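The structure under discussion appears below in the form of structure tokens.
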Amino acid sequence: MSLRFAILTITSISVVACTPRQPRSPAIGEAYAGPAILKIRRDIPLESPVLATVKHGERLELLQKRRRFFRVRAPSGIEGWTDERQLLSKDDMDKLKALAARAARMPRQGQATTFAELNVHTAPYRQSPSFVQIKENEKMDVLEHVATPRIDLASKALLPPAPKKAKPVKKTPAPKYPPLVAALSPPGPPPNWLDLSKTNLDPEELKDEEDEKEVTPPAMDDWSLVRTKDGQTGWVLTRRLVMAIPDEVAQYAEGRRIVSYFSLGEVQDGGQVKHDWLWTTITDGIHPYDFESFRVFIWSLHRHRYETAYIERNLHGYAPVLLKQVELANAKGTGSAKYPGFSVCVEKRDGLRYRREYAFITNIVKFAAERPCKAVDEEVQIAESGRPAEAGPNQGVSVTLVARIRDRFRRLFGR
């Protein structure tokens, strides 16, 4: 009995060893997983079982295409099907890495949170893959915003176009019969053809007809570029964000949306610490600019509440707003000194953009200078070259003990 079992075992091993392995399908291209978790299924239908999952950015080999679906091979060697819209090309990945590198150098325009889970997209379009999900009440840095049309995103082809087959040249047989004589030319238009083409409609009616033919512009979405606590960068719908400025200041928004906010310094009021704030706001809707007004709030030690120290309205302002050291000449013009302050880029009536600098001296905001706006990276370098260290997570400007005493004296006695 044992001899028979041994013979059967050896025979089975020999059969298995002699069975040739199926060759791996050759790759016809490469792609990268777009979502945070990409499911690879046994077949195309969504009801098909999931064979494997891959993370965002993992490389996949493309094996076969069927309509808008690809059969792919995961790094583990498992093969299955996935949607083409969930895949990124190498060019897409390079652009995403370049965006993350650029965003790492961008100054934040405040922090925001969300009341529900929020998907972070690779591009400011709804159809673009979402590779990160921000949890409820989780904070993120807001960097900039952009408005894009709500249209279907044209995905970049993951495979090069197939070469077109040359059409065979057909030999034209010799005609059996001689060609017919060319037909006579049609008669020309009558002499008064211009008068006949005129219309009797009123010009206003013609204008109404032309207006009806105009194509309705697509709906627009406002997107914000955000940086997560893990340093990942992507796009989210702006309407899903809530700026994380304290409610005792946010209540003065007057129905406008807070675009950015900054702490200009700390104020000690008894046992509590308050901040002086700078914010920018805009009305609802899609606009070609970033903000319409900016406002500085100071904490009143006398009334124990926030009051407006400075405000400008009806602006066309553009990000970024920068905190910096501002040089301000004295009243006599004999010298100057540097003070904590900020700068904003606004468009003037001549259509040009100027960066206006303001000094924040205790509870007073003074205009210092203006110059043409420069590229964002250059503006950041200029601001950081003379900017003091940030005061903790609130981006506040450090306040010395002498400045605090002088600040309290002026606020109490109005001097």
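Numbering (the working numbering), first residue to last: 26 to 440. Backbone N, C-alpha and C define an ideal beta-carbon position, used for all residues, glycine too. Being a predicted model, the structure only gives us computed values, none of them experimental.
Per DSSP, alanine 128 is one residue of the alpha helix (DSSP H) stretching across 115 to 129.
According to the DSSP secondary-structure assignment, glutamate 104 is paired through a beta bridge with Arg98. Distance from the CA atom of threonine 308 to the CA atom of leucine 184, rounded to whole angstroms, is 44 Å.
In the DSSP annotation of this structure, the continuous segment of the alpha helix (DSSP H) that includes leucine 221 starts and ends at 218 to 221. Looking at the backbone, the Cα of leucine 340 and that of methionine 268 are separated by about 21 Å. The residue among Glu372, Val351, Tyr379 and Arg380 with its C-alpha nearest the C-alpha of glycine 366 is Val351.
Under the 8 Å Cβ criterion, the region 162 to 170 counts as touching the region 240 to 254, having at least three qualifying pairs. In the DSSP secondary-structure assignment, asparagine 355 is not bridged to any residue. By the C-beta criterion, the region 85 to 103 is judged not to be in contact with the region 211 to 226, since fewer than 3 inter-stretch pairs fall below 8 Å. As the crow flies, the alpha-carbon of leucine 326 is around 6 Å from that of aspartate 294.
Counting the other Cβ atoms within 10 Å of the Cβ of glycine 280 gives fewer than 16, which makes it exposed. The shortest CA-to-CA distance from glutamate 372 to any of Gly342, Asn355 and Ser361 is the one to Gly342. For lysine 363 and leucine 87, the gap between their C-alpha atoms comes out near 60 Å. Secondary structure of tyrosine 335 (DSSP, three-state): strand. Closest option to proline 242, judged by alpha-carbon separation, among Tyr57, Asp117, Ser114 and Thr173: Thr173.
Assigned with DSSP and collapsed to three states, threonine 263 falls in helix. For aspartate 246, the enclosing beta strand (DSSP E) covers residues 245 to 252. With 16 or more neighbouring CB atoms inside 10 Å of its own CB, glutamine 134 falls in the buried class. Secondary structure within the region 264 to 338: the alpha helix (DSSP H) runs of 4 or more consecutive residues, fully enclosed, are 272 to 275 (chain order). Cβ atoms of isoleucine 336 and tryptophan 304 stay farther apart than 8 Å, at about 10 Å.
Counting the other CB atoms within 10 Å of its CB gives aspartate 375 a total below 16, which places it among the exposed residues. With respect to the C-alpha of threonine 138, the residue from His300, Lys254 and Leu353 having the closest C-alpha is Lys254.
The three-state reading of DSSP puts valine 194 in coil, since its state is none of H, G, I, E or B.
Relative to the Cα of phenylalanine 322, the nearest Cα in the group Glu72, Lys299 and Glu142 belongs to Lys299.
Residue environment: valine 75 is assigned as exposed (fewer than 16 neighbouring CB atoms within 10 Å of its CB, all protein chains considered). Taking C-beta atoms under 8 Å as the contact rule, valine 145 and valine 261 qualify, at a distance of about 6 Å.
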